[in-house]
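Working notes, structure below.
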Amino acid sequence: MSKVAEQTINSFLSFKLDRETFGVNVNKVIEILEVPHITKIPKSPAFMRGVINLRGTVLPVVDARLKFGLKEIADSVNTCIIVFNIQVAKEQVMVGALVDAVQEVFDMDESQLMPPPSIGGKFRTDFIRGMARNEDDFVMMLDVDKIFASEEIINLQQEVEAVKA
Amino acid sequence: MIEHLKQKYLEEAHDLLLELEKTLLLLEENPADSEGVEVAFRVMHTLKGSSGMFGYQQVSELVHLLENGYDTIRTNKQAVPLSLLELSLESVDHIRLLLTEDTTNTPATEGAHRLLLKRAAELLYEMPAPEDERAMPAAPAGKSLRTWAIFFAPQQDMLKNGSNPLYLLEELAGFGGFRSFSCTGQLPPLTELDVQQCYLSWMLLLATEAPEGDIRDVFMFVEELCQLQLEPLGEGDLLADLKEEQLTALADKIALALDKESFAAYVRELKTTTAQVKPVVSPETAQETTAQLASGVKEKSVTSIRVASDKLDDLMNLVSELVANQERLSLLAELSMMPELAGVAEEIEKITRQLRDKTFDICLVPIGSLLTRFKRLVRDLSQELGKNIAFEAEGMDTELDKNVIDSLSDCLVHILRNCIDHGLEAEAERIAKGKNPQGTILLKAFNSGTNVVIEIKDDGRGISSEKVRNKAVEKGLIRPDQVLTEKESLELILMPGFSTAQSITSVSGRGVGLDVVKKKIKELRGEVSIASKVGQGATITIALPLTISIIDGLLVRVADTDYVLPLSFVEKSYSVTPADLLNTKNNQLILDGEPVIYFNLAEAFSAGSLSNNAFGVVIHTGTMRMALLVDEIIGEYQAVLKPLGKFYQEQDFLSGGSLMGDGTVALVLDPQKLIQEITKNRTIDI
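Here it is in structure tokens:
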């Protein structure tokens, strides 16, 4: 997708992880899948759930809960995989993220995004682009490129609290 | 649009340069080969034309000078002087430089360019002037006026290719007396006329002193876009002899219909009307030339097209998806008990298999495509270093995936440089040692199991494992007391920071050494090994897996995950019960009365405990033999290898994934890497 599209699409997909609601710009989202059989890859970090077959290509799946340092729970009927097209080191890579539930697509102008408060460098807030208000809910807007480019577990809970404070 | 065309030009120019280089190297071996001269001339001519068109003036002026040189040789039927070949090869390099945008206007390239032009001009000056009359064996000696009939029928889409037939006709008119008759019979009614199509064809009469070659050259750029036929009508200017009424009658006939047959008829007619006046060229000669031309055209018609590699990757993906779905269909058909469905499924299976094989085939490139580059390298370096070296190649039709070939090229260049610079001795030294004065480098490629093996063998000094060892100790790469096998010592030269060259030459030994090669080959999931006998030479062997490949494998299951073990490594399988494992020592199982080290995959992959009806699959990797314990053996399986991608680069004991018929993913194991992984973290219990 071209840069123009990236600027003009102001639609966001919101999803649930634990008790928080997160949002991502839809231009990063390719599709949403039900959870198929995931093939585990031995000797890989726990948050890397494994690989699935996405129409002929092998798609890596990240367990977003574990990636963000949350507790592991059993998959439910609402659990699904969001397929993202992300940029890692100037390359477009597809990755699936296992989330508790997807919610809705809502429109919002990028300018309404409240920037994360600077909080004296105690917590890193690189991974959150800002906060948005969608009806009565607060939605944390994520920077998926940065999140999936990092190979570590991100303590998102701390970030979320830092942003909310 | 222009950018797009320019890109196309650049691709084409690089292809032409490669062809030219190849031809020049052949000519160097056999300078009198007139066919080679012809090819060189044609390639240069095409290159000159297109370079001018896209604003690469420097390229076209240089090629123009060289082309003149080859034209002279061509017409005089001489051998090509070595000085010209030398200059041409240098020019090829220079043009490559000119074609890389950003270096074009640096003072250094400017200077080099002027120097080349000057040398080319000097060379040309020394060469005898072309003698046209010898150019045409069919023509009688002496410059004489001849009249030609030309049939020219452009393809309808010629205009879209940027060629304008009108310019060609104008150029021809410049040759001498000229009459053109156009056929308008193909012209559709105005309402259906597409202005971008060319509906006309022509019969042309030309009275000129120019030889046949020059007339053909006018059509050089449209050769493949038109039908062209040249027929000599007779000596002298026959146009003057023809009466105006005859010509008008002819024009009327041609306007209605013109094709090869009617052209021949018109030519016959003209010949008979002019025959009384002038003698006609004997029909045999005419036939002979057309037959020659026809065969020439035939050779060219083996066409190929360029396809972006992304598109091939897409095609590959779709085909693998198709294969997976077809397997599913076959399974369902079997279960459904419907004979009709089973028939269809079988048919689809056949077609899918063919489609898959063809697609794999498309993505493969023979190693021979790199050969010209290597030949050139060996030639240039051996001249520079004053060594006498023969370069031989075997198995150049061995195919590898295109992407692998690209990465491989640099590695092989590096190894060849090393051979020439360090490996092979100078002529005097070889004679003193009683060897053949000419050193030999053999590049050999062949398939071995699921690997492609490439060997670079020289008959030079060889590598002394002792010297390598001492050097490694000196450089602090190993401890002085470290025990190494001969092979291990030799392979120290693949370590970073190792360079055995006594002095640094301009050719190799710049500190970056064979370790780069090793790293690159490793990225391709390959292996490098070295063997050598002091005084007799050295062999460097590269073994590469076929990346895009179907692996014949054994499908096994550990916990709930399917794994594919390449069949080429699998020796035998045994049933293993917990009781068998109860009293084992040093991880050894007794299978068929022989002890075999075993390894529990369920344990290693943290996949729980092994089932009670487990199996041991004995694998053999050349150096190691061991049994892998798995929960279940499912059967033989043809796996289409898919990369696991960026996120799973650490897990290099997996070659990739393979899509199964039920839509899940099985993991393909790399037994060699798996054993390395297993033995890495293990201490030996004594």
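Listed in order, the protein sequences are those of chains A and B.
So the first sequence is residues 1 to 165, counted in the numbering used here.
So the second sequence is residues 1 to 686, counted in the numbering used here.
Yeah, the Cβ is synthetic: ideal placement off N, Cα and C, and Gly gets one too.
{"query": "Sub-8 Å separation of K16 of chain A and Q103 of chain A beta-carbons", "result": "yes"}
{"query": "For H620 of chain B, three-class secondary structure by DSSP", "result": "strand"}
{"query": "Where the alpha helix (DSSP H) through Y125 of chain B begins and ends", "result": "P107 to E126"}
{"query": "Residue environment, Q7 of chain B, which counts as buried when at least 16 other CB atoms sit within 10 Å", "result": "exposed"}
{"query": "Cβ neighbours of G50 of chain A in the same chain (closer than 7 Å, five flanking residues each side left out)", "result": "I38, T39, K40, I41 and V61"}
{"query": "Cβ separation of E392 of chain B and L442 of chain B, assumed to be a contact under 8 Å, to the nearest whole Å", "result": "5 Å"}
{"query": "Bridge partners - D166 of chain A, DSSP secondary structure assignment", "result": "Because chain A in this structure spans residues 1 to 165, residue 166 of chain A falls outside the shown range and cannot be described."}
{"query": "Nearest residue (CA-CA) to I95 of chain B, options B:K22, B:F41, B:M127 and B:L16", "result": "B:L16"}
{"query": "V93 of chain A vs C80 of chain A beta-carbon contact at 8 Å", "result": "no"}
{"query": "Environment of K585 of chain B [buried if 16+ CB atoms lie within 10 Å]", "result": "exposed"}
{"query": "Within chain A, partners of K687 of chain B - CB distance below 7 Å", "result": "No answer is possible for residue 687 of chain B: it lies beyond the span of chain B, which begins at 1 and ends at 686."}
{"query": "Residue-level contact to chain A via CB, F605 of chain B, 8 Å cutoff", "result": "yes"}
{"query": "Chain-ordered neighbours of P176 of chain A on chain B, where CB pairs are closer than 9 Å", "result": "In the structure as shown, chain A begins at 1 and stops at 165. Residue 176 of chain A is therefore absent and cannot be evaluated."}
{"query": "Nonlocal neighbours in the same chain, by C-beta distance under 7 Å from K160 of chain B, ignoring five residues either side", "result": "Q196"}
{"query": "Cβ contact check for the region 424-438 of chain B and the region 399-409 of chain B: 3 or more pairs under 8 Å", "result": "no"}
{"query": "Buried versus exposed call for N418 of chain B [16 or more other C-beta atoms within 10 Å across all chains shown]", "result": "buried"}
{"query": "Cutoff 6 Å; reference E31 of chain A; Cβ partners in own chain excluding five residues on either side", "result": "V83"}
{"query": "Close-in-space but distant-in-sequence residues of the same chain around L123 of chain B (CB under 7 Å, 5 per side omitted)", "result": "G69, S83, L84 and L87"}
{"query": "In DSSP terms, what D562 of chain B is bridged to", "result": "B:R557"}
{"query": "Burial state of A240 of chain B (16 or more Cβ within 10 Å)", "result": "exposed"}
{"query": "Cβ pair count under 8 Å reaching 3, the region 482-493 of chain B against the region 560-579 of chain B", "result": "no"}
{"query": "Beta-carbon proximity of I415 of chain B to V534 of chain B, cut-off 8 Å", "result": "no"}
{"query": "Candidates B:L494, B:L228 and B:W148: closest to P165 of chain B by CA position", "result": "B:L228"}
{"query": "Proximity test, Cβ basis, 8 Å: T561 of chain B and chain A", "result": "yes"}
{"query": "Within-8 Å CB hit, R55 of chain A to chain B", "result": "yes"}
{"query": "Beta-carbon spacing of A627 of chain B, V596 of chain B below 8 Å", "result": "yes"}
{"query": "For E321 of chain B and R55 of chain A, the rounded distance between their alpha carbons", "result": "6 Å"}
{"query": "Cβ of S150 of chain A within 8 Å of any chain B Cβ", "result": "no"}
{"query": "Residues in the region 600-629 of chain B having any Cβ partner in chain A nearer than 9 Å", "result": "L601, A604, F605, S606 and A607"}
{"query": "I389 of chain B - containing beta strand (DSSP E), residue span", "result": "I389 to E394"}
{"query": "Positions along the region 659-673 of chain B whose CB lies within less than 9 Å of some CB in chain A", "result": "L659, M660, D662, G663, T664, V665, A666 and L667"}
{"query": "Q229 of chain B - partner residues in DSSP beta bridges", "result": "B:F151"}
{"query": "8 Å Cβ cutoff met for I128 of chain A and M114 of chain A", "result": "no"}
{"query": "Presumed contact (8 Å Cβ cut-off) between G185 of chain B and L256 of chain B, rounded CB distance", "result": "5 Å"}
{"query": "Given 8 Å, three or more beta-carbon pairs between the region 609-617 of chain B and the region 629-636 of chain B", "result": "yes"}
{"query": "Three-state secondary structure assigned by DSSP to P643 of chain B", "result": "coil"}
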